[in-house]
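For the sequence shown, position 702 (counting from the first letter as 1) is numbered 1050 according to the working numbering, and the numbering increases by one without interruption. Each residue gets a CB set at the ideal place from its N, CA and C atoms; glycine is no exception. Quick caveat, the model's predicted, so the values are computed rather than measured.
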Amino acid sequence: MRFLIRLIVIVLVAVVLAIVGLMMLPGDKIASVAATQLSKQTGREVSISPDTSISFYPTLGVTTGPASIGTADWAKNGPLFTSDGLTIGVNVPALITGTIKVTKLEAKSPRVILERAADGRANWEFSPSAEATIEDQTTVATETTDADGDQSFDLSLARALITDASLRYIDHAAGTDQSFEDIDLDLRWPDLGGAADVILGATPFGERVELDATIANIMGLTKGEQSALSGTLVAADASIKFEGVASIKPEAAMQLTGSIPNAGAFLNALGQDPAALGLAADFDPNVSIDSQVSFDGTRLALRQMTLGLNDSTINGDADIVLALGEPQVTAKLNADVKNAGQLMRMVGQAPEGFGLNQAFDPNLSSAITLSTSGANVSAKLSDLNITLEDAQIAGQADIALQNNVPNVAATLSVNMPNAGRTAALLGQPLNNFGLSSNAAPAVKTNVSASVKGTNINAQLRDLAASLGGAAVTGAIDLTLAGSTPNVSGNINANIPSTANLMSALGQSAPSIPKGFGQAIKASTSLSFKSDQLDLSGLNVTLDQNTLSGGVSVNLGSSVPNITANLQAGALDFSALAPADSESSSSSSSSSTGWSKDRIDASALGLINGNISLKASSIDLGLMQLSNANLGVAIDRSRAVVSINNLNAYEGSFAGQLVANNRNGLSVAGDLKANSVALNPLLVAFAEIDKIAGDASFNLDFLGSGASVDAIMRSLSGSLGLSIPSGTIAGIDLEGLINQGNANASLTKFENMSATGVISGGNLQSNDLTVTTGRVNAKGEGYVNLGAQTIDYLVTPIAKEVGSQDRIDIPIRIKGPWSSPAIRPDLEAALNLENERKKLEEQARQEVERQKEKLREQAEAEAAKLEEKARAKVEEAAKKAAEKAAAKLKLDATKQKQIEDAAKKALEDKLGSGLKNLLGGN
């Protein structure tokens, strides 16, 4: 109990002493000593008002009036530091023992003015006064004794606290003057020459920045010296840990580890506008970093860096120079970049600057050696893997961009399931190559390529491309100068459906008959240059047909111009025949007539050019051709088929066929046929199965119209026909004329010939002649080609005269030409008999007239002859009498008698002869 009482008494005495000590606290002395020591340490004038008061809470110590720290002698904008008052905390136990130990210094709402001179000097760089000893600058505590020597003073800062401070920063070199408010500082600095813990909070650019750091030499740091430090910087939701050395010049070398969810906001919080650093104005990725970092004021060096940028990661070393207006970067990196297009935009290098599409946004992994200077870029990429939407590219590339002009060399393995989309993303849409921009070819190949500006050179090997079910393999060399491509190479193509391919290219699919390329297989060497496509060594299969040769296509005009020289074996173009040619509704010839369906001849306008074709055989459905040597010239929707040589129907053809669709469809022809089997020809084209034989003919024709029916009804032209021998089914001319048998079924004939004129779809022929064994026949009439009818009269004439009661019976062939009626024409026969009798009477009368005329002429001639004869008789009688008288030696009387007798005999003979001449007997 006695012990307890003593303890209470001791406590009460201690309390009383403490209260008395606090009441006797020398505030003015503390302020004076603090000002003196700060002045020695900084080399600046420090003023602390002696107007003090005791402070019990929250700090035990003294509260002063206004305080300030002077600025450098060259600075003209006021003190470095001013405050309306300070709170100086002291250590109570030390105070009880008579020692003033300052443990806390608090300034409320201070104002700080930092200035940097144009020559780089800073007003926060202190120079301790000559009175400050080395020990004063490095000792944890400084002890001093007042003038009276009755009290010691110990200055240390267990804590310095500044709240609601303002900061003005003036940079005369940069010409800037910035002010910052709301700055808080919590400094734990127990040894003025030693380490300090700093908690700094500020809102310099609208975003709160907090720094929690340990600084090994804060006094040296304030003098511009390097100091070891570590800590954490927090701003805009970012947290960055650092450990290393730094100075306020600024320069640093440290290990950084941190997470920055919003890098743009973080840079803004530090007063660094991303755009001013060459980055995009909306630069704000999610960044993580683990790297050795050094900065010397102009160059930022990153070593052993692991940088996360959104979903991308970059490992390696990099140097970034920031002091030349535009950032310069050199780096050796391993990158795994997601959404590279977005990343390019973030770092101020938009894809459009490389000639790429604005949607260009690949994923990329590669080892990269990189150098940039502003917008100029040089990069070497190895172990490159790129995913561009669904395209895959692997290999290596050297890339340079100088003044926005790309220069690229690459060796790549390419797999592009949609090459059209990939080409568009690379800034080369397919319409640059004359293709639809909607085309979506798939391409897989190995590429060696170079790009210089808008010029592209590429060698494609192991090429495999497909579009709309079509596939192409081979090797191609491509040169693109501006928008003009040059292509050469060797390819193999397989196009199962031309229609599907054209649709995939965004083109309307033409109607292609089977045999002309509904499906195509081809192999060729190709060259495409200046709108000229050349195919050499071509071997192409069009559906069931195979051709070889060479083709040139000029694409410079509104329609392609084709020059081709082709050879083939057997060609099957039977699809050209009407689809219903074997039915009763045949469009060629049937009871219902020609087809009235509109003919689509627009295909004639799809190309121009000249095509030659030699083929061993051609099946046209209606015709079987062999040894074909044909030429086709097409010019502005007009096609001319030249038949140089063509065997068909056991004979040969030559001539021309023309189809003209310039102003509506018209057709024309000039054909010559030699020894053609007429029966299958007529069956194929007119379903006429009545006449057989080897025919030669000349045919020229011209017709126009929008349908087969209209063309056939408009035909004009001429026909010449010759058949050395043959048969006509359905009639026997010899039997009919000899026995009157109208039901006989066959006539064998020789030397049939005819000519005809075609007008308005009618063939008019009036000079048919034909010979059988005992009968000649002639014919006349017409064949209506448009209506498919015939009306022809054949008149048989016997070669030998038979019985007097026999008459000739003409035959009329009339009706649809597929099945005409063949009947004796009795009306024509009666007309023929009457005509015969009339002609006989006319002939008899003419004979009588001629006889009478001859008689009259004979009598006149007889009189003249008689007169001449009598003169000759007299002369002859006289000469005969003279010869007889001389021979017989007769006298003149006897001579006269003989002369008269001879004269009478001769006159009698002359009279008898004239009588017979004039028809007397």
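Query, Result
"Closest Cα partner of ASN752 within the set ALA745, SER730, SER726", "SER726"
"Check whether ALA745 and GLY768 have beta carbons under 7 Å apart", "no"
"Length of the line joining the Cα atoms of ALA584 and PHE631", "14 Å"
"Candidates ASP665, GLY817, MET692, of which the one nearest LEU648 by Cα", "ASP665"
"Sequence ranges, beta strand (DSSP E) only - wholly within the stretch 574-661, length at least 3", "575-583, 586-595, 599-608, 635-643, 647-657"
"Cβ pair GLY418, ASP399 closer than 7 Å", "no"
"Spatial distance of ALA508 from ASP534 (CA atoms)", "6 Å"
"Backbone secondary structure at SER726 - three-state DSSP", "strand"
"Check whether GLY816 and LEU849 have beta carbons under 7 Å apart", "yes"
"Under 7 Å between C-beta atoms of THR390 and PHE474", "yes"
"DSSP state of SER905 mapped onto helix, strand, coil", "coil"
"Classification of ASN956 by the beta-carbon crowding that lies within 10 angstroms, buried from 16 upward", "buried"
"Pairwise C-alpha distance: ARG1160 and PRO1144", "11 Å"
"Inter-residue CB distance, LEU978 and ASN992 (contact presumed, cutoff 8 Å)", "7 Å"
"Any alpha helix (DSSP H) of 4 or more consecutive residues that is wholly inside the stretch 1007-1082", "1026-1034, 1056-1062"
"DSSP three-state assignment for LEU712, whether helix, strand or coil", "strand"
"Beta-carbon separation (whole angstroms), SER943 vs VAL1056, contact threshold 8 Å", "5 Å"
"Continuous alpha helix (DSSP H) stretch holding ILE860: start and end", "Segment: none, ILE860 is in no alpha helix (DSSP H) and carries neither H nor E."
"Collapsed DSSP secondary structure at MET692 in the structure displayed", "helix"
"N- and C-terminal bounds of the alpha helix (DSSP H) containing MET850", "846-852"
"Same chain only: Cβ atoms within 6 Å of ALA739, ignoring 5 sequence neighbours per side", "MET764, THR770"
"Endpoints, the alpha helix (DSSP H) within which THR570 is located", "566-570"
"Residue of LYS1162, SER639, THR1075, PRO1158 minimising C-alpha distance to GLY1121", "THR1075"
"For ALA1021 and PHE1001, believed in contact at Cβ under 8 Å, the rounded distance", "5 Å"
"Beta-bridge pairing of ASP525 - partner residues as DSSP gives them", "ILE518"
"Beta bridge counterpart(s) of PHE781 as assigned by DSSP", "Answer is none; PHE781 lacks a bridge partner."
"Where GLU1098 sits in the DSSP three-state scheme", "strand"
"Straight-line gap, THR393 to LEU462 (C-alpha atoms, nearest Å)", "The sequence shown places Glu at residue 393, rather than the Thr named in the question. Distance between the alpha carbons of GLU393 and LEU462 is about 16 Å."
"Enclosing alpha helix (DSSP H) for LEU1133 [first to last residue]", "Element bounds for LEU1133: n/a, residue is neither H nor E."
"Beta-carbon proximity of LEU961 to ALA987, cut-off 7 Å", "no"
"Distance, LEU886 Cα to ASP1066 Cα", "According to the sequence as given, residue 1066 is Ser; it is not Asp. Whole-angstrom Cα-Cα distance: 42 Å."
"Proximity to ALA1125 [Cα-Cα], best of ALA1077, SER950, THR1117", "THR1117"
"Closer than 7 Å to chain D by CB, ALA544", "As a matter of chain content, chain D is missing from the structure shown, which is built from one protein chain."
"Euclidean distance between Cα positions of ASN724 and GLY801", "14 Å"
"C-alpha gap between LEU1026 and ALA1007, whole angstroms", "25 Å"
"Three-way DSSP call (helix, strand, coil) for ALA787 in this model", "coil"
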